[in-house]
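Numbering (this note's numbering) for the sequence shown: 46 to 556. Note that beta-carbon positions come from the ideal geometry of N, C-alpha and C, so glycine has one too. Predicted model, so just to flag it, every value in this text is computed and none were measured. Everything on this sheet refers to the single structure shown next.
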Amino acid sequence: MISPGLAIVLSLWVPILGCVAVWLFDKQPNLREAATLITGAVLLFLTITVFMAVGAGERPGYLLIEVIDGLPISFQAEPLGALFAVIASGLWVVNSVYSIGYMRGSNEKHQTRFYMSFAVAISAAMGVAFAANLFTLFIFYEVLTLSTFPLVTHKGDANARRGGRIYLGVLMATSIGLLLPAIVWTYAITGTTEFTVGGIFAQHSDAVAPITGVLLGLYAFGIGKAALMPAHPWLPNAMVAPTPVSAFLHAVAVVKAGVFSILKVVVYIFGIDFLSGSGGGAGASVPFMWIAAISILLASSIAMHKDNLKARLAYSTVSQLSYVTLGAMLATQMGVMGGAMQIAAHALGKMTLFMCAGAIYIAHHKTLVSEMRGMGRIMPFTFGAFILGAMSIIGLPPLAGSWPKFFLMLGSADAGQLAIIAVLMISSILNVIYLLSIPVQAFYLNPAEGDAKPQGANEGGNGGTGIQWGALKEAPILCLLPPLFTATGAFILFFFSGALYNYLKPLIGGG
């Protein structure tokens with residue numbers, strides 16, 4: 046039986062070995078993709094091992110090396126990190142299955158490079174999840190940025206190169222220009238960057254209190270992967286990538302690494318008590334709470350006006366990520382709990398939506414919302430999954446996304462920020478408009494004139510592919526089953542949210 050500490054170490058190295066295996070099987074696609082799936086299955090087993098140990102009260106860790114006094118590269122699992130790791134590894138398996146169907150269905154080039162980059166990126170995500178301090182987190186945060194750059198620019202055309210430049214430029218500029226100085230400043234004040242229950246600033250309140258707002262701002266915008274406005278342009282510009290990459294960016298690793306880092310910094314560096322009325326940094330988080338609230342509404346408003354489906358979903362992600370930042374900046378126990386549960390719920394819901402978008406493209410080469418009229422009658426399974434994913438994002442029961450909003454509203458009430466409750470309600474209404482309108486027109490409106498038939502592999506030379514069942518034409522089975530799986534997961538998680546709450550209670554000082 047593998048010990049939890051060893052499982053942490055192996056979770057970093059197994060994807061790298063998988064990357065090598067993918068490279069070795071470059072000319073044998075079946076073996077190459079089998080290597081990807083086997084790597085994902087092994088990684089999932091390792092993260093579940095850690096997840097179960099943390100749930101039993103353990104805090105396994107591993108010290109790799111101490112670079113200088115107080116700055117080790119080390120790892121330790123706690124509830125939030127263990128949850129992030131098991132979500133990322135589990136959804137990587139799902140995304141890998143989907144990628145096989147998508148990449149083959151669209152005859153994409155450079156598939157070996159594609160799977161290799163994925164493997165390195167998931168290794169970096171594990172490093173972020175299990176980082177025991179800010180120094181370690183920063184190293185793997187940067188590796189995650191660099192390893193996903195080839196994925197964003199995969200198509201190699203002018204749009205991909207432009208999107209890649211913005212992606213790399215924004216994320217590197219924010220991390221080096223803002224996050225790194227924040228970490229150095231934290232170390233200069235406290236002599237450590239260790240993630241500590243209750244926060245490390247509580248023991249240095251006299252030195253930190255006057256500059257709390259500045260430090261919090263450096264972290265909030267320095268962690269650019271959280272896409273807090275105006276540090277968000279990289280996210281919609283990254284939508285030039287193939288849909289499996291979009292799903293990976295939005296649900297599996299990149300943006301989740303961002304909001305995970307925000308939440309972890311607030312809880313383990315600043316501390317909830319320090320930022321609330323009982324701490325020296327009281328009130329410092331309020332401006333950033335409102336920036337998150339504005340991001341929620343503004344991004345939703347932009348999404349409503351996007352006809353490109355992936356662009357609409359991208360701005361939806363900017364809005365939904367800000368829920369996590371909002372929960373952290375409320376600096377209340379229920380706010381933090383809402384933010385943590387949003388990481389899991391959003392991963393399932395948004396991955397479902399992006400995979401549905403990819404399935405529509407593969408089967409019929411449609412990318413615009415205005416082209417979705419009548420498509421639900423042709424792709425009922427895909428659009429059925431889309432409805433469930435959308436309902437979860439909106440926050441409608443019985444889908445998982447309803448619980449984060451519930452706890453965020455409780456956290457807002459605890460903080461005396463009743464206006465934030467109104468923001469959350471308005472956001473839900475906007476979500477209904479720009480998400481549910483898509484399946485409504487897909488099922489209830491007739492196709493536009495001149496677009497009455499789906500465009501398939503043998504219809505008009507558009508290169509579409511899929512499975513034909515009479516009048517129905519769905520995407521290939523490997524592109525169809527994954528969104529059905531994640532949509533079902535969003536439904537099931539609703540009923541297990543109590544168990545998830547109890548698992549995360551140590552995050553807010555309970556259990």
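- The three-state secondary structure of K518, taken from DSSP, is strand.
- Around the beta carbon of Q513, a 10 Å sphere encloses fewer than 16 other beta carbons of the protein chains shown; the residue is thus reported as exposed.
- Annotation: T198 to H277 spans about 18 Å, alpha carbon to alpha carbon.
- Nearest to C524 by C-alpha distance, out of G403, A392, A177 and A487, is G403.
- DSSP links G106 through a beta bridge to Q121.
- Counting along the chain, the unbroken alpha helix (DSSP H) around M97 starts and ends at P74 to G100.
- By the Cβ-count criterion, I110 is exposed, with fewer than 16 other Cβ atoms from all chains shown falling within 10 Å of its own Cβ.
- Judged by their CB atoms, V310 and L366 are not nearer to each other than the 8 Å cut-off.
- Between the alpha carbons of T92 and V99 lies a gap of roughly 11 Å.
- Rounded to whole angstroms, the separation of the alpha carbons of A130 and V312 is 18 Å.
- Take D318, set aside five residues on each side of it, and the residues of its chain with a beta-carbon closer than 8 Å to its own are G243, G244, A247 and G324, in chain order.
- According to DSSP, Q462 shares a beta bridge with no other residue.
- In this structure, the CA atom of L182 is about 47 Å from the CA atom of G419.
- Within the same chain, Cβ atoms closer than 6 Å to the Cβ of S134 are found at L88, L89 and T92, the five residues on either side in sequence being excluded.
- Between the alpha carbons of F180 and A298 lies a distance of about 19 Å.
- Here DSSP, grouped into helix, strand and coil, assigns A356 to helix.
- Judged by beta-carbon spacing, A122 lies beyond the 8 Å limit of P195, meaning their Cβ atoms are not closer than that value.
- Restricting attention to beta strand (DSSP E) runs no shorter than 3 residues, the stretch 263-302 encloses none.
- Bounds of the alpha helix (DSSP H) holding R210 are A203 to T219.
- Within the DSSP secondary-structure output, A176 pairs in a beta bridge with F120.
- Minimum Cα-Cα distance from M171 among the listed residues V414, G115, L128 and A445 corresponds to L128.
- If you look at F431, you'll find it in the alpha helix (DSSP H) that goes P425 to I439.
- Secondary structure note for G383: its alpha helix (DSSP H) is the uninterrupted segment Q378 to H409.
- Remark: C-beta atoms of L538 and A390 approach each other more closely than 8 Å.
- For L475, the closest C-alpha among the options N152, S345, A544 and V112 is that of S345.
- For G543, the enclosing alpha helix (DSSP H) stretches over residues S542 to L549.
- Between the stretch 392-399 and the stretch 355-366 there are three or more inter-stretch CB-CB distances shorter than 8 Å, so the stretches are counted as touching.
- In this chain, the alpha helix (DSSP H) harbouring S482 covers S482 to Y489.
- In terms of Cβ geometry, F399 and A292 form a close pair [threshold 8 Å].
- I61 places its beta carbon 8 Å or farther from that of V95.
- For V165, same chain residues with a beta-carbon under 8 Å away, outside a window of 5 residues either side, are P60, I61, C64, V188 and S192 in chain order.
- Within a 10 Å sphere around the beta-carbon of N152 sit fewer than 16 other beta-carbons, which makes this residue exposed.
- In terms of Cα proximity to M382, the closest of L549, L82, P255 and F428 is L549.
- For M374, the closest of L320, F540 and Y406 by C-alpha to C-alpha distance is L320.
- Nearest to I432 by alpha-carbon distance, out of F530, F333 and L480, is L480.
- In this structure, F488 is the residue among T157, P117 and F488 with its C-alpha nearest to the C-alpha of E416.
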